[in-house]
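S.K.: Okay, so the sequence shown: first residue is 141 according to the working numbering, each after it adds one.
Note that the Cβ used here is the ideal one computed from N, Cα and C, for glycine as well.
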Amino acid sequence: MSYYGIGSATGKIILMGEHAVVYGKPAIALPFSEARIETRVEFHDRETTIDCLYYNGPLAMAPTVIGGIKELIEVTLDYIKKDNFGMHLKVVSTLPPQRGLGSSAAVSVSIVRAIFDAYRIRLSDDDLSYLVTIAEKIHHINPSGLDANTIASGKAVFFERGKDRQVISMDLDAVLVVADTGQMGQTKLAVQEVNDLLEKNPAEVEAMMNRLEALTNESRIYLQSNAVIEMGRCMNEAHQLLRNINVSDELLDHLTQVAIENGAKGAKLTGSGKGGCMIALCHSVQSAERVAAKLVEAGAVATWLYDLKGNDING
Numbered sequence: 141m142s143y144y145g146i147g148s149a150t151g152k153i154i155l156m157g158e159h160a161v162v163y164g165k166p167a168i169a170l171p172f173s174e175a176r177i178e179t180r181v182e183f184h185d186r187e188t189t190i191d192c193l194y195y196n197g198p199l200a201m202a203p204t205v206i207g208g209i210k211e212l213i214e215v216t217l218d219y220i221k222k223d224n225f226g227m228h229l230k231v232v233s234t235l236p237p238q239r240g241l242g243s244s245a246a247v248s249v250s251i252v253r254a255i256f257d258a259y260r261i262r263l264s265d266d267d268l269s270y271l272v273t274i275a276e277k278i279h280h281i282n283p284s285g286l287d288a289n290t291i292a293s294g295k296a297v298f299f300e301r302g303k304d305r306q307v308i309s310m311d312l313d314a315v316l317v318v319a320d321t322g323q324m325g326q327t328k329l330a331v332q333e334v335n336d337l338l339e340k341n342p343a344e345v346e347a348m349m350n351r352l353e354a355l356t357n358e359s360r361i362y363l364q365s366n367a368v369i370e371m372g373r374c375m376n377e378a379h380q381l382l383r384n385i386n387v388s389d390e391l392l393d394h395l396t397q398v399a400i401e402n403g404a405k406g407a408k409l410t411g412s413g414k415g416g417c418m419i420a421l422c423h424s425v426q427s428a429e430r431v432a433a434k435l436v437e438a439g440a441v442a443t444w445l446y447d448l449k450g451n452d453i454n455g
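Written out as C-alpha cells, the structure is:
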C-alpha cells in the first residue's frame, strides 16, 4: 500500500505557566520529540475513511469522541477546495492521549500536514494555525493556543495568549524526566475548578496567578543562562501554587516528592493536572536515570528523558 501524503508532529511539555496561561499570563513550553504522531493519507475510490486510536471506519459515521478530528478533515478539504471523498487517513501515535502532552493538537497538526502533502499544496504557518485552532476549540472549548503554537513551531516557545509566540533558546545543562502517571488528565474539570476558585476567592487566586507569571518570567532567564538550581526552585514553587489552586492530585504530589528525595533539583506537574504527567529537573543523565527508576517504583507507568540542550539521550 503506497501512501500519497505524510504529516507528523511531536507532543509538547509545559515547563512553566499551565493554567495561568488561560488567564493571559505567559507560559514556556517545549516540543516533546520523544513521542510523536504520524498521519498517512492514501487515495481510493470509496468514501473517506479514518483509522485511529478511537475509531476505524467511514469518516461520516465517526463518533463524537473524534468530532474535532472529523470537522478538521472536512474543513481542511473545503479550505483547499477538494472533495470529501476517496481518502483514507491512518493516524499512528506513540504519544499517550489525555496526559497533558498535547496529543489532540499533535493529531490535528499531523492531519493538516498530511492532507496538504497529499495534494502537494504548500502549507503556511498561518494556514496551519487557522485550521488546527478549529479542532482545538472543539476539544478544549476555550484553548489558550499554547499547544498548537508549540507543536506547530517544533521549538521552545514563550507564549502569551493573543500575542505572537516567541521562540526561545535553551542553555540549561540539565535533563528533564517526564513521568506518566497512567491516569488521564481531566482538563475541563481542572479548568472549571480553577475558575470556580477564582470566583470564590478572586484576590487570593489572582495573587497566585501573578506569582506564577513571575516564576515563568524568571524561568525564561534561568533556562537561557544555565541556572539549574534556580530553575529547579521555580519548578518547586510552581507546583505548590498549582496544588493551591486544586489542579494536582495525590499521585502527582507523591511523584514530585519522590523525585526531589532522589536528587532532582525541581519537580512539578505538567499540563492540566488531575492526572497526566509530571516533570523533574536533574543535573545529569545519570541522575535523571536514577530519578526515572525511582518514579517507576513509586507508580509512574512510563518515563522519558529530555535533554535541555537538545542532545539525543534516549538512544
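Which of the three DSSP states is assigned to residue 252 in this structure?
M.R.: Helix at residue 252.
S.K.: Taking the alpha-carbon positions, what's the residue 414 to residue 184 distance?
M.R.: Taking the straight line joining both Cα atoms gives about 42 Å.
S.K.: Kindly identify the DSSP beta-bridge partner or partners of residue 154.
M.R.: Partner(s): 169.
S.K.: Quick one: Cα of residue 358 to Cα of residue 243, how far?
M.R.: Approximately 28 Å between the Cα atoms of the pair.
S.K.: Tell me which residues share the same chain as residue 325 and place their Cβ nearer than 7 Å to its Cβ, disregarding the 5 neighbours each side in the sequence.
M.R.: Counting only Cβ-Cβ distances below 7 Å, and skipping sequence neighbours, we find 238, 239, 240, 411, 412, 413, 414, 415, 416.
S.K.: Identify whether residue 324 lies in helix, strand or coil by the three-state DSSP scheme.
M.R.: Residue 324: coil per DSSP, three-state reduction.
S.K.: When you compare only the Cα positions, how much space is there between residue 356 and residue 165?
M.R.: Approximately 9 Å, taken between the alpha carbons.
S.K.: Taking the alpha carbon of residue 383 as the reference point, which residue from 399, 427, 337 has its own alpha carbon closest?
M.R.: Ranking 399, 427, 337 by Cα distance to residue 383 puts 337 first.
S.K.: Taking only three categories from DSSP, how would you classify residue 417?
M.R.: Reduced to three states, the DSSP call for residue 417 is strand.
S.K.: Can you look up residue 402 in the DSSP assignment and give me helix, strand or coil?
M.R.: Reduced to three states, the DSSP call for residue 402 is coil.
S.K.: For residue 376, tell me which candidate among 346, 367, 267, 408 has the shortest Cα-Cα distance.
M.R.: The shortest Cα separation from residue 376 among 346, 367, 267, 408 belongs to 408.
S.K.: Helix or strand or just coil, what does DSSP make of residue 424?
M.R.: Three-state DSSP puts residue 424 in coil, outside helix and strand.
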